[in-house]
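Q: In this note's numbering, the protein residues as written are 83 to 219.
Have a look at this one.
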């Protein structure tokens, strides 16, 4: 069936995310902002937030003195639940994303590097776990 000339085909609008996904996304953004503010208060300089590569995302890339820090932020209702959420598969993805960071930022290759985790829960001070895992995992 021919379309009348000059008319565009109807476009499909993407469906809106489910409300629970929107709440989770906002909770995660808020947690990342709290974690970044917490790290800044501890003397870190935020280099990037939510840095994406084809192999994964790094929530926060920070620097303190000569150390480049790749930070995973985990938010849950309780800090202990957040700590349990950093699983080995996720660590591998973060390590792969860090390698992608280094490939795209060659000046950082000679920096000392570390993988930290910041745990965030409502009504709690964030918990910073330095060297939470390493690239040999």
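Idealized CB from N, CA, C, for every residue including glycine.
This one's a predicted model, so the numbers in the text were calculated from it and none came from an experiment.
Measure the Cβ-Cβ separation of residue 150 and residue 212 and say whether it is below 7 Å.
A: Cβ atoms of residue 150 and residue 212: not closer than 7 Å.
Q: At 3 residues or longer, what runs of the beta strand (DSSP E) sit wholly inside the segment 120-166?
A: 127-135, 138-146 and 149-157, all fully within the segment 120-166.
Q: Which value, in whole angstroms, describes the spacing of the CA atoms of residue 152 and residue 162?
A: Taking the straight line from one Cα to the other gives about 21 Å.
Q: Three or more C-beta pairs under 8 Å: does that hold for the segment 153-173 against the segment 197-207?
A: A contact exists between the segment 153-173 and the segment 197-207.
Q: Determine contact between the segment 117-137 and the segment 164-174, defined as no fewer than three beta-carbon pairs at a distance below 8 Å.
A: Counting Cβ pairs under 8 Å, fewer than three are found: no touch.
Q: Thinking just about the alpha-carbon of each residue, which of 144, 139, 135 and 111 is nearest to the one in residue 125?
A: That would be 144, whose Cα lies nearest to the Cα of residue 125.
Q: Are the beta-carbon atoms of residue 179 and residue 137 separated by less than 7 Å?
A: Yes. Within cutoff.
Q: Mind checking which residues open and close the beta strand (DSSP E) that includes residue 209?
A: Note, residue 209: beta strand (DSSP E), 209-215.
Q: Report yes if the CB atom of residue 177 is closer than 7 Å to the CB atom of residue 130, and no otherwise.
A: Result no, Cβ atoms of residue 177 and residue 130 do not sit closer than 7 Å.
Q: Give the C-beta separation of residue 203 and residue 160 to the nearest angstrom, bearing in mind that I take them to be a contact with Cβ-Cβ under 8 Å.
A: Right, their Cβ atoms sit about 6 Å apart.
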